[in-house]
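Let me begin by presenting the structure, written as structure tokens, before commenting on it.
Number of protein chains: 2
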Amino acid sequence: MHRGGSLVSPTIAYETWGKLNQNRDNAVLIFTGMSPPAHAASSVEDPTPGWWEEMIGPGRPLDTRRYFIICVNSLGSCFGSTGPASIDPRTGELYRLTFPVLSLEDVARGGYEVIKHLGVNRLKATVGPSMGGMSALAFEILFPGMSEGFVSMSSGPRALPFSIALRSLQREMIRKDPGWMGGDYPRDAVPLTGMRLARKLGMITYRSAEEWRLRFGRERTTSPDANGYGFGMTFEIEAYLEHHANKFTGQFDPNCYLYLSRASDLFDVAEHGGSVEIGLGKVRVKRALIVGVTTDFLFPIYQQRELAEGLGAPGREVEFVELNSLQGHDSFLVDMDSYRPLIARFFA
Amino acid sequence: MHRGGSLVSPTIAYETWGKLNQNRDNAVLIFTGMSPPAHAASSVEDPTPGWWEEMIGPGRPLDTRRYFIICVNSLGSCFGSTGPASIDPRTGELYRLTFPVLSLEDVARGGYEVIKHLGVNRLKATVGPSMGGMSALAFEILFPGMSEGFVSMSSGPRALPFSIALRSLQREMIRKDPGWMGGDYPRDAVPLTGMRLARKLGMITYRSAEEWRLRFGRERTTSPDANGYGFGMTFEIEAYLEHHANKFTGQFDPNCYLYLSRASDLFDVAEHGGSVEIGLGKVRVKRALIVGVTTDFLFPIYQQRELAEGLGAPGREVEFVELNSLQGHDSFLVDMDSYRPLIARFFA
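If you read the sequences in order, they're chains D and X. Each step along the first sequence adds one to the number in this note's numbering, with nothing skipped, and position 83 is 64. Each step along the second sequence adds one to the number in this note's numbering, with nothing skipped, and position 260 is 241.
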């Protein structure tokens, strides 16, 4: 592991769409944001819609008639890949907090092991939104020359104190839930309250104030609490957060959440050589696309500009796109009309 | 009470500086943000520094040689004024959640009762930052003609869904703390965990990402946890939040926090007549100063502009100042070099 410790025979879960060509050089490797699984799009084996369904398929921006698309579940997550919720073969027990410190460099290496296993010689591109953008960047730094292109969306070269503060508070919400039990909660009784609170804070930081103003305004719910006499669901925005918290929790393992959240905080390109400039200087791609959103306050637009500028190099084509999408950090999941043409053009 | 219910002989705590003149028309009434007490500045009776120490005193922007300054502790708070942590004389028990729904209109009326009691004929101005700005605005709408001027800082004409979401989550942190006990916690064992989490989220929303980037960057603490192997204090920004959470909690009663927080959400000038425009049209001051900060995302700058524009009227002088202070919502407490001249000029 990047910061010490080791795993015995870890598993990396992945899904693929399309076919590897004869030259074994048409693969695209996608790293995910913090919480999604490798199921980025539907397939014959799993027809449920994926988290980037509209982006992957025949005739879609990531065209499966042309490219071999791979999406990995991050190491440390809980959707098939080894993580704190997996059994440590050395003890027969769940890792829980004995899992070594996780870094996005480890997540990147997980992706690397998958493409090696699949016999990929050279990647067309690595692609990542949010935390996935940092994992993809770590991949480009650790394995220079493997990939022709790099696509980063709503990400950045390092975690800054504002997002560290938010994630730190999310982790504390989980850790302070008595049900967390120092990480030793029973598998069928996770610290739901902490997870729900953390998810709500996540939802608040993933979208934008302006979107909510237009979408919810001061609309009241029809709940009996809506008269303001309780402290429950008075406003539509509160019901919306409640709905999303209910959907999320139960799926994601709390200890995995802690590890992945902390891995995002720890990420800093400057650790690769002494400065952001030197770290980014190790990237060897020929083309890069950096997309940011002005309403994103988790990975603010100036971080994306810093990334795009830092990747500038002779003979390299770097496109920096500043979107005004209303949906803030999550725009890459929602504002498909803006993202589809960008991704399609890059892969055309 | 504005939304129903009543209190028997409520108390409003206040402090004053300077002297009421013979015409009884040199008083300035200050409403506070959500958490401060009426102790805005030091005095002979209480020499500890107040929350707006640099602003009030002889020769200071709120010049006590000229003005009679009054600051009230909001109704519903716990620093002398009647609130959920006070004893209900009808039962001999603490109000707790039997306290009626609190509105900022009630806070405004509390201020009105104080000036009546003090024999003030006419106010030079009402002044309020943050929640206090909304309370002062409620005062101007409920008691038109009482006041010559109105000063609002980092406030707005209504609560919007983004800030409602944040406050709702803060309230949920407290309510989900098992120590809250449905509001019936013992007086010497408040739900500290929930209060600490809520305070940390408050701190995150009161300042700005840019301030923290410049001030803390990715600096590590020297705590044993700083190597990243725990989930505790790794980064300076985490230690900073911890420090502020420790300072705050224990002072503020959790039920009072819930009521004041909810009162902020419920505030909407449009309830006074049907629209923000009509509501603001009821204000009768001759001069208004509206100060906003571009880095404030709790009361964003466009809300301040909306307030300033809505107050525009023939023969009224409305000054709108957009500050670029780094400190976000809390700038009025910190960036004194920007605020002092503004307040001094208004009161000169």
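Beta carbons: idealized from backbone N, C-alpha and C, even for Gly.
- Message: Using a Cβ-Cβ distance cut-off of 8 angstroms, determine whether residue 212 of chain D contacts chain X.
- Response: Yes, residue 212 of chain D lies at the interface with chain X (some Cβ there is under 8 angstroms from its Cβ).
- Would DSSP call residue 139 of chain D helix, strand or coil? Annotated three-state conformation of residue 139 of chain D is strand, per DSSP.
- List the endpoints of the continuous beta strand (DSSP E) containing residue -5 of chain D. -5 to -2 is the span of the beta strand (DSSP E), which, as asked, contains residue -5 of chain D.
- Task: Could you work out which residues of chain D lie near residue 202 of chain X, taking near to mean beta carbons separated by less than 8 angstroms?
- Result: Residues of chain D with a Cβ closer than 8 angstroms to the Cβ of residue 202 of chain X do not exist; the shortest Cβ-Cβ separation is about 12 angstroms.
- Under 8 angstroms between C-beta atoms of residue 214 of chain X and residue 179 of chain X: Taking 8 angstroms as the cut-off, the Cβ atoms of residue 214 of chain X and residue 179 of chain X do not count as close.
- Item | Exposure of residue 165 of chain X, with buried meaning 16 or more beta-carbon neighbours within 10 Å | Around the C-beta of residue 165 of chain X, fewer than 16 other C-beta atoms lie within 10 Å, and the residue is accordingly described as exposed.
- Query: Closest Cβ-Cβ distance between residue 94 of chain X and chain D: below 8 angstroms?
  - Reply: No, no contact with chain D.
- If you pair each beta-carbon of the region 59 to 78 of chain D with each one of the region 34 to 43 of chain D, do three or more pairs fall below 8 angstroms? No, because fewer than three Cβ pairs between the region 59 to 78 of chain D and the region 34 to 43 of chain D fall closer than 8 angstroms, the two stretches do not touch.
- Message: I need the straight-line Cα distance from residue 44 of chain X to residue 161 of chain X, nearest angstrom please.
- Response: Between residue 44 of chain X and residue 161 of chain X, the C-alpha separation is close to 43 angstroms.
- Item | Cutoff 8 angstroms: residue 32 of chain D Cβ touching any chain X Cβ | Look at residue 32 of chain D: its C-beta is not under 8 angstroms from any C-beta on chain X.
- Amino acids of chain D, ordered along the chain, whose beta-carbon sits closer than 9 angstroms to that of residue 325 of chain X: Under the 9 angstroms cutoff, chain D gives no residues; its nearest Cβ is about 32 angstroms from residue 325 of chain X.
- Task: Go through the region 152 to 224 of chain D residue by residue and report every complete run of the alpha helix (DSSP H) that reaches 4 residues or more, in order.
- Result: You should have 173 to 187 and 190 to 196.
- Flag this pair as yes or no: are the beta carbons of residue 125 of chain X and residue 299 of chain X separated by less than 8 angstroms? Contact: no.
- Item | Whole-Å CB distance - residue 116 of chain D paired with residue 309 of chain D, under 8 angstroms assumed | Actually they are not in contact, since the Cβ atoms of residue 116 of chain D and residue 309 of chain D sit about 21 angstroms apart, beyond 8 angstroms.
- Item | Exposure label - residue 170 of chain X; buried when at least 16 CB within 10 Å | Residue 170 of chain X comes out exposed.
- Are there 16 or more other CB atoms within 10 angstroms of the CB of residue -11 of chain D, so buried, or fewer, so exposed? Counting the other CB atoms within 10 Å of its CB gives residue -11 of chain D a total below 16, which places it among the exposed residues.
- Cα separation between residue 71 of chain D and residue 241 of chain D? Residue 71 of chain D and residue 241 of chain D have their alpha carbons spaced roughly 22 angstroms apart.
- Contact set for residue 305 of chain X: own chain, Cβ-Cβ below 8 angstroms, skip 5 residues either direction: Cβ-Cβ distances below 8 angstroms link residue 305 of chain X to 274, 275 and 276 in the same chain, with the five nearest sequence neighbours on each side left out; the list follows chain order.
- Message: Just to confirm before moving on: does the CB-CB distance between residue 142 of chain X and residue 216 of chain D stay below 8 angstroms?
- Response: For the pair residue 142 of chain X and residue 216 of chain D, the CB atoms are nearer than the 8 angstroms cut-off.
- Quick one: which chain D residues come within Cβ less than 8 angstroms of residue 219 of chain X? 145, 146 and 149, listed in chain order.
- Query: When the cut-off is 8 angstroms and only beta carbons count, does residue 153 of chain X lie next to chain D?
  - Reply: A Cβ of chain D is located within less than 8 angstroms of the beta carbon of residue 153 of chain X.
- Query: Hey, which unbroken runs of the alpha helix (DSSP H) at 4 residues or more fall wholly within the region 237 to 285 of chain X?
  - Reply: Segments of the alpha helix (DSSP H) lying fully in the region 237 to 285 of chain X: 257 to 262.
- Item | Three-state secondary structure (DSSP) of residue 124 of chain D | Here residue 124 of chain D carries a coil assignment [DSSP, helix/strand/coil].
- Give the straight-line distance between the Cα atoms of residue 327 of chain D and residue 270 of chain D, rounded to the nearest whole angstrom. C-alpha separation (whole angstroms): 7 angstroms.
- Item | Proximity test, Cβ basis, 8 angstroms: residue 6 of chain D and chain X | When Cβ-Cβ separations below 8 angstroms define contact, residue 6 of chain D makes no contact with chain X.
- Task: With DSSP collapsed to three states, give me the class of residue 290 of chain D.
- Result: Helix, per DSSP.
- Query: Using the rule of at least 16 other Cβ atoms within 10 Å of the residue's Cβ for burial, across every protein chain shown, is residue 287 of chain X buried or exposed?
  - Reply: By the neighbour-count criterion, in which a residue is buried when 16 or more other Cβ atoms sit within 10 angstroms of its Cβ, residue 287 of chain X is buried.
- Mind checking which residues open and close the beta strand (DSSP E) that includes residue 300 of chain D? Unbroken beta strand (DSSP E) run through residue 300 of chain D: 298 to 304.
- Query: Do you know whose CA, among D/199, D/237 and D/0, lies nearest residue 219 of chain D's CA?
  - Reply: Nearest option by C-alpha distance: D/199.
- Determine, using beta carbons only, whether residue 110 of chain X and residue -15 of chain X come nearer to each other than 8 angstroms. Contact: no.
- Message: Per DSSP, what are the beta-bridge partners of residue 75 of chain X in this structure?
- Response: DSSP, once it has assigned bridges, lists X/68 as partnering residue 75 of chain X.
- Would you mind sorting residue 149 of chain D into buried or exposed? The rule is 16 or more other CB atoms within 10 Å of its CB. Taking a 10 Å sphere around the C-beta of residue 149 of chain D, we find 16 or more other C-beta atoms and assign the residue as buried.
- Query: Distance, Cα to Cα, residue 279 of chain D vs residue 140 of chain D?
  - Reply: Using only the alpha carbons, I get a separation of about 9 angstroms.
- Drop a sphere of 10 angstroms on the beta-carbon of residue 20 of chain D, count the other beta-carbons inside from all chains shown, and report buried for 16 or more, exposed for fewer. Answer is buried; the Cβ neighbour count reaches 16.
- Item | Interface residues of the region 179 to 199 of chain X facing chain D [CB-CB below 7 angstroms] | Taking a C-beta cut-off of 7 angstroms against chain D, the contacting residues of the region 179 to 199 of chain X are 181, 182, 185, 190, 193, 194, 197, 198 and 199, listed in chain order.
- List, in order along the chain, the chain D residues whose C-beta lies closer than 8 angstroms to that of residue 139 of chain X? Within chain D, the residues near residue 139 of chain X are 199.
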